[in-house]
Structures are given as structure tokens and as C-alpha cells.
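Here the structure comes first, spelled out in C-alpha cells, and everything after it is commentary.
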Amino acid sequence: MRADARRNRARIVATAIGLFTERGAGVGMDEIARASGLGVGTLYRHFPDKRALLVGIACDSLRELLACAQDAEARPIPAWAMLDLLVRRCVELPLALTKSLDGEHDPELEELQRRADEAIQQIVQRAQQEGSLRLDIPAREVVGLLNVAVCRPGARAEDHLVTVILDGLRAAPGQARGGSPVSAAVAPSEM
């Protein structure tokens, strides 16, 4: 792809993400073209319809998430720090748009989603092995919880839902490997 075509595509995507974030996926293609300062023909040369635009944005976001996961795993940091880094990056991506495409049958999108889930599960499993993430929640379910936190409109790294989910997943000091406290159980008469 030529440099000007890459710039135009990036401009279309950035404009579409901004409009979709602000007003939802109901924004029309003509409006996206107008807001990007490009002609409708340029928009349709890159994306033949809105579904193709949404799938393109979703695929770009998932590729970026995968690159972030690979970068995190290459660093000599604890797995919990990797997971935290990944969550903070995820909330910056338009993953809510990606989730709005659930049920779409696009082979590339499905493959990227599978690979992203697998990469996050591996980091979760490493965090469980190092003892920083609770063991009583399967890695697959942790990924589901993280999806709830980051794949929604308005998600931010410091918002209450992200904070509560991460706090709930973190293994507390003094927890046994199964997630239950090490301290003695409270007798019914002490309640």
C-alpha cells in the first residue's frame, strides 16, 4: 500500500473510532468521510461498507493487543505486572467495537480473537504459577472477566470496574493456593 493510502486509511480509522466512541456504531459512512476530510470514494476504496470498517478496526485493535502481549512477555517482569500492563493497554483500544462484532463470521477476526484470548490466558497462567493471581478461577474465566472490564464503552484503567476486577483477581498475601485464607476459620459463636 502506498504511503498516502496508508495515511488515508489511518485517518479514516482514527475518525471512525472517535465518532463511534462518541456516538455509537450508528454513525454513517458519509459522516465518517466528511469528518475525516476525505471523499466518500476514498473511504469506500478502503472499506466497502460499515461492517468492513468495523472489522478492520477490530482486527487492527487485536493485532495491537497481541503486539502488546508479546512485548510484555519479552520483558523481565513478573506476570502480574505483564497482566496489569496489558489491561492498561487494552482500555486504550476500541475493544468495545470489537465486542460489538461478536457473532460476525470473519475468519481473520476470529483467528485474531482466538490468538488474543490464548495470549492473555498464558499470562494469566504464569501469574497463577507465580502466586500473584488467584488459583480458584480458571484462566479462561479470568479472560472473560477481563473482557467485561476492558471491552466496554468508556473503559479506563482507573475506573471502578477495572479496579475491582483486578483487586478481586489478585492473590492476597496469606492466601492458600486454592484461594481460601490461611487463618483459622471463625467459629459460629464468634460471629
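Taking the UniProt record's numbering, I'd label the letters of the sequence shown as residues 1 to 191. Glycine included, every Cβ here is placed at the ideal spot set by N, Cα and C. Here the structure is a predicted model, which is why all the values come from computation and not from measurement.
Specify the secondary structure class of residue i as computed by DSSP and reduced to three states.
| i | result |
| --- | --- |
| residue 86 | helix |
| residue 95 | helix |
| residue 152 | coil |
| residue 170 | strand |
| residue 135 | coil |
| residue 117 | helix |
| residue 107 | helix |
| residue 4 | helix |
| residue 130 | helix |
| residue 157 | coil |
| residue 146 | helix |
By Cβ distance, which residues of its chain are closer than 6 Å to residue i, with the 5 residues on each side in sequence left out?
| i | result |
| --- | --- |
| residue 9 | 46 |
| residue 260 | One cannot answer for residue 260 here, as it falls past the ends of the chain, which runs 1 to 191. |
| residue 161 | 149 |
| residue 157 | 88, 91 |
For residue i and residue j, I'd like the C-alpha separation in whole angstroms.
| i | j | result |
| --- | --- | --- |
| residue 52 | residue 114 | 19 Å |
| residue 167 | residue 145 | 12 Å |
| residue 171 | residue 49 | 46 Å |
| residue 27 | residue 121 | 34 Å |
| residue 43 | residue 24 | 19 Å |
| residue 112 | residue 6 | 21 Å |
| residue 154 | residue 85 | 18 Å |
| residue 14 | residue 21 | 11 Å |
| residue 101 | residue 61 | 13 Å |
| residue 73 | residue 56 | 26 Å |
| residue 76 | residue 98 | 30 Å |
| residue 141 | residue 117 | 11 Å |
By Cβ distance below 7 Å, which residues in the same chain neighbour residue i in space, the five residues on each side in sequence not counted?
| i | result |
| --- | --- |
| residue 127 | 79, 80, 83, 133 |
Which residues in the same chain as residue i place their Cβ atom closer than 8 Å to its Cβ, once the five residues preceding and following it in sequence are excluded?
| i | result |
| --- | --- |
| residue 32 | 12, 15, 16, 19, 43, 53 |
*Residue ranges of each alpha helix (DSSP H) run of no fewer than 4 residues wholly in the UniProt domain "HTH tetR-type" (6-65), ordered along the chain?*
29-36, 40-46
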